[in-house]
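Asker: If you're matching positions, the sequence shown starts at 28 in my numbering and goes up one per residue.
Backbone N, C-alpha and C define an ideal beta-carbon position, used for all residues, glycine too.
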Amino acid sequence: MKMTWPRWIAAVYGVILIAIGVQSYFFPTGKPSIISLIASGLMGVAVLGLVKLSLSMPRPGYIGILFISVVAGGRFVSKMGDGFYPAQFVVLISVVTAGALLAGHLMAMKAKKSETAGGE
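Written out as structure tokens, the structure is:
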């Protein structure tokens, strides 16, 4: 398997989650947050691991990435009025990632359907 555009978007998403965790602890705008470092860092590492998994087993990899994007985005929905960063930013990148996975899935199913129809 190759790195398709949904995988690249998911990989960038994972790196951004790690960076947000590091920023929240080492370069905080308020009190340093070890919980944010651990949670965001682990989610980012998990996303990168799931991107790697999706190379050999796409379905569980993509489902795992989708689950993390829903959890990460859902965590900040209630704080949307607090400003763009981090709440609206995390929700935005989570929605973009989930949308990319959905679009990739729909495009793959359309290609598979037309391939099956053309082979009959």
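To the nearest angstrom, how far is it from the Cα of Leu44 to the Cα of Met70?
Answerer: Sequence index remark: in the sequence shown, residue 44 carries index 17 (1-based). Sequence index remark: in the sequence shown, residue 70 carries index 43 (1-based). Near 7 Å, if we compare the C-alpha coordinates of Met70 and Leu44.
Asker: For Val98, count neighbouring C-beta atoms within 10 Å of its own C-beta (all shown protein chains included) and say buried if the count is 16 or more, exposed if not.
Answerer: On the sequence shown, position 71 is the one that residue 98 refers to. Label assigned to Val98: exposed.
Asker: What first and last residue would you give for the alpha helix (DSSP H) that runs through Phe111?
Answerer: For the purposes of this step, residue 111 is taken as residue 84 along the sequence shown, with counting starting at 1. Careful: Phe111 lies outside any alpha helix (DSSP H) and carries neither H nor E.
Asker: Reducing DSSP to helix, strand and coil, say where Phe116 ends up.
Answerer: As a first step, residue 116 is located in the sequence shown; it is residue number 89 there, counting from the start. Looking at Phe116 - three-state DSSP - the assignment turns out to be helix.
Asker: Does the Cβ of Gly100 have 16 or more other Cβ atoms within 10 Å, making it buried, or fewer, making it exposed?
Answerer: The residue given as residue 100 occupies position 73 in the sequence shown. That one is buried.
Asker: How many Å lie between Val72 and Met136 at the Cα?
Answerer: The sequence position of residue 72 within the sequence shown is 45, counting from 1. The sequence position of residue 136 within the sequence shown is 109, counting from 1. Looking at the two C-alpha atoms, the distance is approximately 28 Å.
Asker: Nearest to Ala46 by alpha carbon, out of Thr31, Arg34, Lys58, Ala66?
Answerer: Counting from 1 along the sequence shown, the entry for residue 46 is found at position 19. Comparing Cα-Cα distances from Ala46 to each of Thr31, Arg34, Lys58, Ala66, the minimum goes to Ala66.
Asker: Under the three-state reduction of DSSP, which class applies to Ser105: helix, strand or coil?
Answerer: Indexing the sequence shown from 1 puts residue 105 at position 78. The answer is coil: DSSP assigns Ser105 none of H, G, I, E or B.
Asker: Thinking just about the alpha-carbon of each residue, which of Ser51, Leu75, Pro55 is nearest to the one in Val39?
Answerer: By one-based count along the sequence shown, residue 39 stands at place 12. Residue Leu75 is the option with its Cα nearest to Val39.
Asker: Which of the three DSSP states is assigned to Lys79 in this structure?
Answerer: Residue 79 sits at position 52 when you count from the first residue of the sequence shown. Three-state result, Lys79: helix.
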